[in-house]
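Undergrad: Residue numbers (the numbering used here): 272 to 436.
1. Starting from residue 310, follow the beta strand (DSSP E) in both directions and report where the run begins and ends.
2. Going by the CB atoms, is the gap between residue 307 and residue 323 shorter than 8 Å?
3. Note the first and the last residue of the continuous alpha helix (DSSP H) segment covering residue 355.
4. When the Cβ atoms of the stretch 330-345 are set against those of the stretch 421-428, are three or more pairs found closer than 8 Å?
5. Note the first and the last residue of the continuous alpha helix (DSSP H) segment covering residue 406.
6. Just checking, does the stretch 408-418 make contact with the stretch 390-397 on the three C-beta pairs under 8 Å criterion?
7. Tell me the residue span of the alpha helix (DSSP H) that contains residue 418.
8. Anyone know if the C-beta pair for residue 325 and residue 346 falls short of 8 Å?
9. Does residue 420 pass the burial test, meaning 16 or more other C-beta atoms within 10 Å, or should it be called exposed?
10. So residue 342 and residue 316 are in contact, right, with Cβ under 8 Å, and what is the actual spacing, rounded?
11. What do you get for residue 311, buried or exposed, if any count of 16 or more other CB atoms within 10 angstroms of its CB means buried?
12. Can you list, in chain order, the residues of its chain with a C-beta nearer than 7 Å to that of residue 416? Leave out the 5 residues immediately preceding and following it.
13. As a quick exercise: from 389, 301, 352, 385, pick the residue whose alpha carbon is nearest that of residue 402.
14. Short of 7 Å in beta carbon distance, which residues of its chain neighbour residue 404, apart from the five on each side in sequence? Order them along the chain.
15. Since residue 367 and residue 355 should fall inside the 8 Å C-beta cutoff, what is the C-beta to C-beta distance between them, to a whole number of angstroms?
16. So, is residue 300 buried or exposed, given that buried needs 16 or more other C-beta atoms within 10 angstroms?
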């Protein structure tokens with residue numbers, strides 16, 4: 272097939288010092304915590320069950336978010352360590368900063384700060400509750416995500432050239 276797992280890092284990944292997408296995937300695994308992986312799905316397909324699901328697809332923001340939305344996501348919680356301002360034309364995208372400097376540098380673009388965990392000012396459970404509460408507020412229409420306010424509607428379909436999973 273000729274597929275190489277390290278072939279699809281994004282420009283931001285490269286600028287951030289990630290040598291390949293395999294290293295980035297280790298960070299993605301860590302975001303799942305200790306939750307059991309319940310299943311996998313192909314790009315843009317709905318999950319077959321409940322719980323943590325992994326979607327086959329690209330590591331690039333503008334291609335991965337539409338795949339999640341096509342698979343049925345109603346709200347996307349997008350983590351960023353560099354300040355990506357991604358949005359989507361179909362559903363809200365909440366941006367979650369993984370570090371406080373990014374959150375402080377981009378208060379009008381980033382919805383929530385998870386850097387407080389690293390800073391020691393909040394626990395994982397406290398940040399998790401804030402994220403959950405904001406998802407509910409946005410999903411019910413009681414609050415807009417920053418991407419909605421600023422009309423960020425980036426959209427790109429994955430050409431299935433190489434894989435990340």
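A virtual CB, placed ideally from N, CA and C, is assigned to each residue, including glycine.
Note that the structure is predicted; figures quoted are calculated from it, not measured.
TA: Concretely, from the data shown:
1. Your numbering for residue 310 matches position 39 in the chain shown. Annotation: the continuous beta strand (DSSP E) that includes residue 310 extends over 308-312.
2. Taking the chain shown and counting its residues from 1, the one referred to as residue 323 is at position 52. Taking the chain shown and counting its residues from 1, the one referred to as residue 307 is at position 36. Yes, these two residues count as a Cβ contact at 8 Å.
3. Residue 355 sits at position 84 when you count from the first residue of the chain shown. No alpha helix (DSSP H) holds residue 355; DSSP gives it neither H nor E.
4. yes
5. In the chain shown, counting from the first residue as 1, residue 406 sits at position 135. Element bounds for residue 406: 395-410.
6. For the pair of segments examined, the stretch 408-418 was found not to touch the stretch 390-397: the number of CB pairs separated by less than 8 Å stays below three.
7. As a working note, residue 418 is residue 147 in the chain shown. Segment 417-420, the alpha helix (DSSP H) holding residue 418.
8. By 1-based counting over the chain shown, the position of residue 325 is 54. By 1-based counting over the chain shown, the position of residue 346 is 75. Contact: no.
9. Numbered from its first residue, the chain shown carries residue 420 at position 149. Exposed, by the Cβ-count rule.
10. Residue mapping note: residue 342 aligns to position 71 of the chain shown, counting from 1. Residue mapping note: residue 316 aligns to position 45 of the chain shown, counting from 1. Their Cβ separation, rounded to whole angstroms, is 6 Å, which keeps residue 342 and residue 316 in contact under 8 Å.
11. As a working note, residue 311 is residue 40 in the chain shown. Exposed, since its Cβ has fewer than 16 Cβ neighbours within 10 Å.
12. Working through the chain shown from its first residue, we reach residue 416 at position 145. If we look at residue 416 and ignore the five residues flanking it on each side, its Cβ neighbours are 363, 364, 365, 382, 409.
13. Taking the chain shown and counting its residues from 1, the one referred to as residue 402 is at position 131. Among 389, 301, 352, 385, the Cα nearest to that of residue 402 belongs to 385.
14. On the chain shown, residue 404 is found 133 positions in, with the first residue counted as 1. Nothing meets the Cβ criterion.
15. For this step, residue 367 is matched to residue 96 along the chain shown. For this step, residue 355 is matched to residue 84 along the chain shown. Cβ-Cβ separation between residue 367 and residue 355: approximately 11 Å, too far for a contact (criterion under 8 Å).
16. By 1-based counting over the chain shown, the position of residue 300 is 29. In this structure residue 300 is exposed. Its beta-carbon is surrounded by fewer than 16 other beta-carbon atoms within 10 angstroms.
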